[in-house]
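Everything on this sheet refers to the single structure shown next.
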Amino acid sequence: MPSIVAVELAELPYRVSQNEVMIAIKRMFQHRYEHIDRLLSIFEHDHIQSRSFVQPLHWYMTAHSFAEKNELYIEHAVQYGKEAIERCLHRGNIPFEDIEAIFFISTTGIATPSVEARIMNELPFSIHTKRIPIWGLGCAGGAAGIARAVDYCRAYPKAKVLVLAVEFCSLTFQLDDVSKSNLIGTSLFADGVGCACVVGDDVQLQSIAPQVIDMQSIFMRNMEDVMGWDIKDNGFYVVFSRHIPTIIRQSIGEIVELFLRKNGICVSQIEHFVVHPGGKKVLDAYQEGLHIDENKLTHAIHVLREHGNMSSVTVLAVLQRFLQQPITQQHGLMMAMGPGFSCELLLLKWGEKL
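And the structure:
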């Protein structure tokens, strides 16, 4: 079975506290909301303490064109994508020329040639490295990217491939959008860049790494209005339904139970939950829907508190924390939900190669 041998994040330049963001948002919107202080209570209830952005906080307080923001997206994606890749390959002790394919995951900017092509002009990858850009999966993209990399490594068991996720949610912020979705987004979303390396079963591992035993994608019909973008002249306008935690709470138990059952195990046998922390209410919904203790979500809670919601990158940050601790002979479940509305599941197992 393919294994995930390394996950690393780039360090972004501007780290801000949740209180600093709240003060900035109040200055920007206080004349457009009648009860701004009551609305800003969301900043205090989402359990986020700090986030990282690619631009200084004052930059977001003035209007910028879609073109300007997208140029910054490309510039920063190349810069910090390179950093995440270099860290990941160094961690896995893997040469650039050994990488057969790069899966590039993003939802917060556009580029053609895509970002991984621009990175390949600056890092010494083989000219035969395959490029697989995947756009539009949002918060589910990190888990889906790992799953597609596993599919590749199942077909080519000697392969070593990268999953690079780049999300600059802050560059999608709209100063003229007075919707509640936009306000919630300002309290929750952040920037992040992460890279994971997945290898096939014929690759000799230098240390214990989680194997991907099985995967499943679930598409929930007629829910395309739950999460996503409205794309207008000024760029991306966030769509973020208040019903997301309820949808998760009502559906996730059955989804996970059926997935695990076909692998001969149950939820109680899962020791490690590598879940995308979409927000405090989302984590509460996972806990209630799966009937698990809060301590099973410790790493997800920590990532949400320290990084906020970095869209597709967030679940990679949670996975990184699991890879940094010694685990043997235990099952894990990697899970993320995103636009569609959809869910990505991966069953993991730490231990010796099967």
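At position 192 of the sequence shown the residue is numbered 191 (numbering that gives the first Met the number 0), and the sequence of numbers has no breaks. We treat Cβ as the ideally placed atom computed from N, Cα and C, and that holds for glycine.
query, result
"Taking Ala83 and Leu8 to be in contact with their CB atoms under 8 Å, please state how far apart those CB atoms are, rounded to whole angstroms.", "6 Å"
"By a C-beta neighbour count over all protein chains shown, 10 Å radius and 16 as the cutoff for buried, is Leu182 buried or exposed?", "buried"
"Please confirm whether Leu315 and Gly193 have their CB atoms less than 8 Å apart.", "yes"
"Just the Cα atoms here: how many angstroms apart are Leu322 and Tyr32?", "44 Å"
"Let me know if Pro123 comes out buried or exposed under the rule of 16 or more other beta-carbons within 10 Å of its beta-carbon.", "exposed"
"What are the boundary residues of the alpha helix (DSSP H) that Ala146 is part of?", "Gly140 to Ala154"
"So what's Arg31 in DSSP terms, helix, strand or just coil?", "coil"
"According to DSSP, Arg14 sits in a beta bridge with which residue or residues?", "Ser51"
"I need the straight-line Cα distance from Val197 to Val149, nearest angstrom please.", "7 Å"
"Could you tell me if Met60 is buried or exposed, where buried requires 16 or more neighbouring beta carbons within 10 angstroms of its beta carbon?", "exposed"
"If you scan the stretch 301–349 from start to end, which runs of the beta strand (DSSP E) of 3 or more residues do you find wholly inside it?", "329–337 and 341–349"
"Taking DSSP as the reference, what is the three-state secondary structure of Gln173?", "coil"
"What separation, rounded to the nearest whole angstrom, lies between the Cα atoms of Asn69 and Ser178?", "22 Å"
"Take the Cβ of Ile201 as the centre, count every other Cβ of all protein chains shown within 10 Å, and call the residue buried at 16 or more, exposed below.", "What sits at residue 201 in the sequence shown is Asp, not Ile. With fewer than 16 Cβ atoms within 10 Å of its Cβ, Asp201 is classed as exposed."
"Within a Cβ cutoff of 7 Å, which residues of the same chain sit near Thr327, ignoring the five residues on either side of it in sequence?", "Ile207, Trp349 and Gly350"
"Specify, as a first and last residue, the run of the beta strand (DSSP E) that Glu166 falls within.", "Lys159 to Phe167"
"So for Cys265, helix, strand or coil by DSSP?", "coil"
"Going by the CB atoms, is the gap between Ile47 and Gly307 shorter than 8 Å?", "yes"
"Which residues in the same chain have their Cβ closer than 7 Å to the Cβ of Val4, if we skip the five residues on either side of it in sequence?", "Gly91, Cys196, Val198, Leu204 and Ala208"
"Grab me the residues of Ala110's own chain with a C-beta within less than 7 Å of its C-beta, minus the 5 sequence neighbours each way, in chain order.", "Ile73"
"Can you check whether the CB of Glu343 is closer than 8 Å to the CB of Ala100?", "no"
"What span of residues does the beta strand (DSSP E) with Glu7 cover, start to end?", "Ser2 to Leu8"
"Figure out for me which residue from Leu88, Phe172, His290 and Asp190 has the closest Cα to the Cα of Glu67.", "Phe172"
"With Ile84 as the anchor, note down where its alpha helix (DSSP H) starts and where it stops.", "Phe65 to Gly91"
"Check the DSSP bridge columns for Gln210 and list the partner residues they point to.", "Ser2 and Lys348"
"Just the C-alpha distance for Met333 and Lys159, rounded to the nearest angstrom, thanks.", "20 Å"
"Of all the options Gln329, Lys25, Ala154 and Arg50, which has the alpha carbon lying nearest to the alpha carbon of Phe167?", "Arg50"
"Thinking C-alpha only, which one of Gly144, Ser40, Val317 and Ser216 is nearest Pro276?", "Val317"
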